[in-house]
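In full-length UniProt numbering, the protein residues as written are 1 to 525.
Think of the CB as a built atom: it goes at the ideal place given N, C-alpha and C, for glycine as much as any other residue.
All values reported here derive from a predicted model rather than from experimental measurement.
What follows is a short report on a single structure.
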């Protein structure tokens with residue numbers, strides 16, 4: 001007698017994600033409207049692609065240069081306030097892009113700190129930040145600390161015995177860099193560079209606010225303008241498919257770069273580096289720390305100026321926007337964690353139980369592909385589907401947490417998947433011999449190990465969604481306002497004092513959630 005077995009929940013989730021993406025793109029492609037050919041948008045597409053690639057490349061190179069230099073300086077030096085610098089790096093890593101836009105306006109804008117300082121010394125001309133200058137400043141401000149933090153963690157993993165050998169053999173600073181630092185950088189940089197390029201290539205809020213016009217648009221901004229201004233779904237479909245192809249190629253490269261065989265970790269004791277006493281490196285590190293401080297500190301401190309303006313924004317609009325942001329963020333985090341848990345469980349089953357590593361690799365790769373999907377195009381396609389089968393007035397409340405949740409799946413997956421593999425390797429055979437499967441296996445075997453990383457993934461997904469200014473740009477208005485949308489409105493009206501206060505609230509909440517995530521992810525079980 002044949003018995004039908006239900007598919008694994010992770011398999012259902014994988015097909016549901018693929019179905020949502022395919023359904024959204026099909027809805028766009030089949031919408032009854034003018035569908036331009038690729039040739040008709042060729043010149044415009046060429047300008048957008050050229051700008052997207054150039055600004056992403058420049059942003060990546062500058063972020064890597066400053067981030068690597070800062071990481072090397074911090075790993076070689078110990079000074080008062082070093083802990084504050086590390087905390088500042090962590091803060092800028094979770095800073096929402098719309099807050100970075102405010103920081104650039106506050107420091108480099110026409111009424112910013114730099115303009116006022118130059119005017120005080122008699123500088124007659126103003127400063128133009130729109131276009132490449134503002135975009136590059138904002139991207140480097142957000143990404144250089146990320147590079148420094150990741151690189152610093154890698155450099156700190158160099159075993160202590162390697163440093164003792166370098167001291168015993170009398171390595172010069174050049175030999176130390178070649179034999180100890182460079183292997184770490186060579187391992188980390190391809191993945192970091194690819195990820196930064198991908199994020200800058202898809203940049204939306206920064207380019208929308210600081211681009212200065214249609215000639216300075218990324219594909220993401222072009223998709224948004226085609227939706228919000230022109231309602232040209234055909235152009236949206238073409239632009240989205242082109243961006244998807246480019247980003248999928250980069251995502252595949254990222255996945256290859258990050259997928260490395262596991263290595264044993266050696267806990268590094270506090271050993272002073274032999275090159276720390278070199279005078280030339282002392283001077284170089286001092287210059288790098290000064291440049292990083294002069295660049296990052298004013299932008300980070302500009303957000304803190306909002307503290308004195310908080311009483312001016314304590315009104316119904318702020319509270320409503322705050323609770324709306326929290327509800328959307330919590331719903332997005334639930335979606336992200338459930339999807340990540342199902343996919344990680346399916347990947348574990350295929351890899352360790354069924355011994356199918358190639359199929360397991362598909363489940364590992366699927367979360368990363370969500371980074372390549374243009375969110376505006378997917379949102380537009382799903383909105384068209386909702387319009388066909390339901391009430392479009394509620395589309396924003398449905399699509400905001402859904403799209404933000406899908407965007408956070410890759411990050412939640414990174415918290416959950418390794419722990420599921422570890423617990424299966426340790427207790428999987430015992431559970432199978434005792435007949436513990438399904439829900440019982442999840443509650444008895446997995447949950448004690450999984451609860452902290454899952455909570456960490458939930459907090460990080462909330463932080464990412466809380467500060468996101470993406471899909472809300474389509475649906476935001478008098479009926480639906482989040483804190484990032486409120487900040488964008490204040491910036492558009494040049495009410496910088498109120499914008500600084502709103503930006504501070506966003507950063508504090510996002511940083512608190514990210515801090516909780518970090519504490520939970522490093523806590524003992």
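Where residue 434 is concerned, there is no enclosing alpha helix (DSSP H), because DSSP gives it neither an H nor an E. Annotated as distal: residue 404 and residue 344, with beta-carbon spacing of 8 Å or more.
When DSSP states are grouped into helix, strand and coil, residue 413 belongs to the helix group.
Proximity to residue 313 across 87, 509, 505 and 57 peaks at 505, based on C-alpha coordinates. As the crow flies, the alpha-carbon of residue 192 is around 34 Å from that of residue 307.
Collapsing the DSSP output to three states places residue 488 in a helix.
Note that the segment 492–500 does not touch the segment 444–456; fewer than 3 beta-carbon pairs, one per stretch, sit closer than 8 Å.
Per DSSP, the unbroken alpha helix (DSSP H) holding residue 108 starts and ends at 97–108.
Contact between the segment 176–183 and the segment 97–117 is absent: fewer than 3 CB-CB pairs across the two stretches fall below 8 Å. Counting along the chain, residue 445 sits inside no alpha helix (DSSP H), nor does DSSP assign it H or E at all. In summary, residue 55 is buried, with 16 or more beta-carbon neighbours lying within 10 Å of its beta-carbon over all protein chains present. Less than 8 Å divides the Cβ of residue 302 from the Cβ of residue 106.
Nearest to residue 247 by C-alpha distance, out of 228, 219, 512 and 309, is 219. Residue range 132–155 is occupied by the alpha helix (DSSP H) that includes residue 147. Taking a contact as a CB-CB distance under 8 Å, the pair residue 299 and residue 103 counts as one, their CB atoms being some 4 Å apart. Excluding sequence positions up to five before and after residue 367, its CB lies within less than 6 Å of the CB of 409, 410 and 413, all in the same chain and listed in chain order. If you ignore the 5 residues before and after residue 336, its C-beta comes within less than 6 Å of the C-beta of 405, 408, 409, 412 and 461, all in its own chain and listed in chain order. Relative to residue 240, the option among 145, 223 and 227 whose CA is nearest is 223. For residue 21, the enclosing alpha helix (DSSP H) begins and ends at 9–29. Here DSSP, grouped into helix, strand and coil, assigns residue 63 to helix. Taking C-beta atoms as the reference points, residue 96 and residue 458 fail to come closer than 8 Å. Taken through DSSP and simplified to helix, strand or coil, residue 188 comes out as helix. Secondary structure in the segment 309–378: the alpha helix (DSSP H) runs of 4 residues or longer, each lying completely within the stretch, are 310–313, 316–348 and 357–369 in chain order. When the five nearest sequence neighbours on each side are left out, the beta carbons in the same chain lying within less than 8 Å of the beta carbon of residue 199 are those of 143, in order along the chain. In the DSSP assignment, residue 282 falls within the unbroken alpha helix (DSSP H) covering 279–304. Straight-line measurement puts the Cα of residue 283 at about 12 Å from the Cα of residue 275.
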